[in-house]
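There are 2 protein chains.
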Amino acid sequence: MKIAVDAMGGDNAPAVVIEGVERARDRFKDIEFDLFGDPKQVRPLIKDATRINLIETTEMIEMGEEPVRAIRKKKDSSIVRAAVAVKEGQADAFFSAGNTGAILAAGLFIVGRIKGIDRPGLTSILPIAKPGSGAKNFVYLDSGANAESKERNLLQFAQLGRFYAENVLGVNNPRIALLNNGTEEDKGDRLHKEVHQQLKAQRDLNFVGNVEASALLAGEADVIVSDGWTANAALKATEGTAKMMLTLIKNGIENGGLRAKLGYLFLKPVFKKIAKLMGTSTYGGAVLLGLKAPVVKTHGSADALAVENTIAQIYTMIESKVIEKTVSYFGQVQSEENIDKPSKN
Amino acid sequence: MKIAVDAMGGDNAPAVVIEGVERARDRFKDIEFDLFGDPKQVRPLIKDATRINLIETTEMIEMGEEPVRAIRKKKDSSIVRAAVAVKEGQADAFFSAGNTGAILAAGLFIVGRIKGIDRPGLTSILPIAKPGSGAKNFVYLDSGANAESKERNLLQFAQLGRFYAENVLGVNNPRIALLNNGTEEDKGDRLHKEVHQQLKAQRDLNFVGNVEASALLAGEADVIVSDGWTANAALKATEGTAKMMLTLIKNGIENGGLRAKLGYLFLKPVFKKIAKLMGTSTYGGAVLLGLKAPVVKTHGSADALAVENTIAQIYTMIESKVIEKTVSYFGQVQSEENIDKPSKN
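These protein sequence lines are chains E and P, in that order. Residue numbers for the first sequence follow our numbering, so the first one is 1 and each next one is one higher. Residue numbers for the second sequence follow our numbering, so the first one is 346 and each next one is one higher.
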């Protein structure tokens, strides 16, 4: 299998991208990489070029650029070229740590949607942080690709999440929940009430009801589905609060004198475990689900470990044939419905 | 001044309500209380009846009841009777730890809206948890009274929040921010983009731009305005994550052997300070702003301290004449606009 890598994206690119790619290359003997970037910057950083092909690009999409305009204008950027390689079948998946909007736009407009999917959903793999819970992580979408979602989008997200949980996380009959402002089924605005009823009616979904944002990481479901707006707010609040709590503790230790510093030494293993659990390097990247190939982004501040883990995640996506299975499912749904859905972007 | 108290609302009512009321009575020599409840349960718990009038009610609205139906049917419930006392001018403010929906409904339909306010906003006073930040807390609305909000609602929330921050928190020229999915002014769905522009155009508002949910408690503004849906999700995620982090630490300590237990002893003051900062007893209750009198609820699991602090908050609301000033402002805006706004619920 071959993965097209945007070598230029991310705060510490290309160095950490290349380091992560080399680590993944050593770990998975059957992955080959096409590395898109500026040879002057990239080549000197490659320690061992085994199964790494460097492909020259002359442009770069910066972090702050307007995404759609950027991918239209910068045809020779590392993001656009890597996405085109996937579209043309020269690579099986796309990886980047760059401009999120540009990656989403390249995925949507270049790699393209699965037939039957109106809008892809940005999918985060999040930790379950309840001590004693069986599962380790869960699938969360749409964590922000769409500011406004409709009922059919959320139903499709549920199916996309189910296929991911089954095939990539290896969960049997994954529990699907809807993020809502209350656990009772009559809670929410019109959209969420209606989506709740429709999810409940889907025979092939193991729908377990609503989950509130306060229980996001509590392990109540294997897939939590939401409109992009709400999911984005809840995810940011969760990440921000976890970080803030650690900062408050750090600050308390720094200002707590010798006693607090001793306490920190004794509790260090506990804090380290929590920081690892809540850390962003552990679970891989965010997947734009609903596209014809894996399009995966890791955060801009990713280190080499995060890059390596994200490539491991892409490896499992390809190996498990999750996308082929998703395509086949939606193809069947479409032919059963016998409806020609209009193309919507 | 006189405060109408629902003695029967809350998980530990009437005991903690009465204990809190007595503490507040001892603290503020000019407050008189009308305590609405079942005399058989309430009277034996009153230690000292100074400035406490017990008013008999025969019904009670339970925590799970459908709010609007409950306030229509249970005319002799403690919530309805206390709200009617405020409406009829026998009391200056309403307090309850009971069924949130019923309190909101009683506020809206019995106490009534300020002229010019289309919808009241549920307002939480939240802690600022960034070490070294000047301010201690901020005003957050609408934290969940309305599942769907329109532009004019959010603009009114901003003004309601401004008056509260100025008068009750004593903040000079409070900074107003909009909760949004990005800090740039072009971020968000149509509603949030439009609200951003309108807030910016308001000459009497010190609008400082967008705040993301990740920075909710970071002290970037004195008032954070949001539609009820998003604010509710972000608040629940924040509260849930803070609680979860403390649980993870507790669990790590319990399973970390002697070393971790020693560490906990040394760090106890740090954890206590953080638990207090993030605790719900410190900042008083949630205010339904936009009504003709203070209608304030504290959470169902409130202890006597939370009841006392919430009454202190009501005291400041009455003393500062925040509602009179808000009424006068919206009256003026209305006469300037010279528009007869239709009544909307």
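Beta carbons are placed, not taken as given, at the ideal position from N, Cα and C, and that holds for glycine.
- With its beta carbon less than 8 Å from one in chain P, lysine 273/E belongs to the interface.
- Within the stretch 395–482 of chain P, the runs of beta strand (DSSP E) at least 3 residues long that lie entirely inside it are, in chain order, 397–401, 438–441, 466–472.
- Contact annotation for aspartate 189/E against chain P: Ala492, Glu493, Trp574 [CB-CB distance below 7 Å, chain order].
- The Cβ-Cβ distance between isoleucine 52/E and arginine 25/E falls below 8 Å.
- In the three-state scheme derived from DSSP, where H, G and I count as helix and E and B as strand, asparagine 232/E is classed as helix.
- For phenylalanine 271/E, the uninterrupted alpha helix (DSSP H) segment begins and ends at 257–278.
- In chain order, Lys236, Ala237, Glu239, Gly240 make up the part of chain E whose C-beta sits under 7 Å from the C-beta of serine 559/P.
- Close to proline 614/P, with beta-carbon spacing below 7 Å, are these residues of chain E in chain order: Gly256.
- Counting every other CB atom within 10 Å of its CB across the protein chains shown gives alanine 631/P a total of 16 or more, marking it as buried.
- Distances from the alpha-carbon of valine 429/P to those of Ala415/P, Glu407/P, Ile455/P put Ile455/P closest.
- Contact annotation, isoleucine 598/P with valine 270/E: C-beta distance approximately 6 Å; criterion of less than 8 Å satisfied.
- DSSP places phenylalanine 28/E outside both helix and strand once states are collapsed to three, so it counts as coil.
- Neighbours of glycine 597/P in chain E, taken as residues at a C-beta separation under 7 Å, are given in chain order as Val270, Lys273, Ile274.
- Close CB contacts of aspartate 567/P within its chain, under the 6 Å cut and outside five residues either way in sequence, are with Phe483, Ala510, Val516, Pro519, Arg520 (chain order).
- The stretch 179–186 of chain E makes contact with the stretch 195–214 of chain E: 3 or more CB pairs, one atom from each, lie closer than 8 Å.
- Under DSSP, valine 366/P forms no beta bridge with any residue.
- When C-alpha distances from glycine 89/E are compared across Lys292/E, Ile311/E, Pro131/E, the shortest belongs to Lys292/E.
- The alpha-carbon of methionine 1/E is positioned some 6 Å away from that of glutamate 32/E.
- Comparing alpha carbon positions, the residue from Ile594/P, Glu496/P, Asp383/P, Ala360/P closest to alanine 620/P is Ile594/P.
- For aspartate 6/E, the pairing in a beta bridge is given by DSSP as Phe36/E.
- Sequence-distant Cβ neighbours of tyrosine 264/E in its own chain, meaning closer than 8 Å and more than five residues away, are Ile253, Phe271.
- Between the C-alpha atoms of glycine 443/P and leucine 514/P there is a straight-line separation of about 25 Å.
- Looking at the backbone, the Cα of threonine 57/E and that of arginine 72/E are separated by about 15 Å.
- A distance below 6 Å between beta-carbons, with the five flanking residues on each side excluded, links asparagine 512/P to the following residues of its chain, in chain order: Ser665, Val667.
- By the Cβ-count criterion, methionine 244/E is buried, with 16 or more other Cβ atoms from all chains shown falling within 10 Å of its own Cβ.
- Of the residues assessed, aspartate 186/E falls on the exposed side of the cut-off, its CB having fewer than 16 other CB atoms within 10 angstroms.
- Contact with chain E is found for proline 476/P, since one of that chain's Cβ atoms lies less than 8 Å from the residue's Cβ.
- At a cut-off of 8 Å, the C-beta of tyrosine 485/P has no neighbouring C-beta in chain E.
- Pairing isoleucine 224/E with alanine 93/E gives a Cβ-Cβ distance that is not under 8 Å.
- Nearest to glutamate 407/P by alpha-carbon distance, out of Glu493/P, Ala352/P, Gly601/P, Leu634/P, is Ala352/P.
- The beta carbon of methionine 590/P falls within 8 Å of a beta carbon belonging to chain E, placing the residue at that interface.
- Lysine 419/P and glutamate 411/P have their C-alpha atoms some 12 Å from each other.
- Chain P has a Cβ within less than 8 Å of the Cβ of arginine 259/E.
- For arginine 520/P, the uninterrupted beta strand (DSSP E) run begins and ends at 520–524, by DSSP.
- Here alanine 546/P is exposed. Its C-beta has fewer than 16 other C-beta atoms within 10 Å.
- Proline 131/E and arginine 458/P have their C-alpha atoms spaced approximately 46 Å apart.
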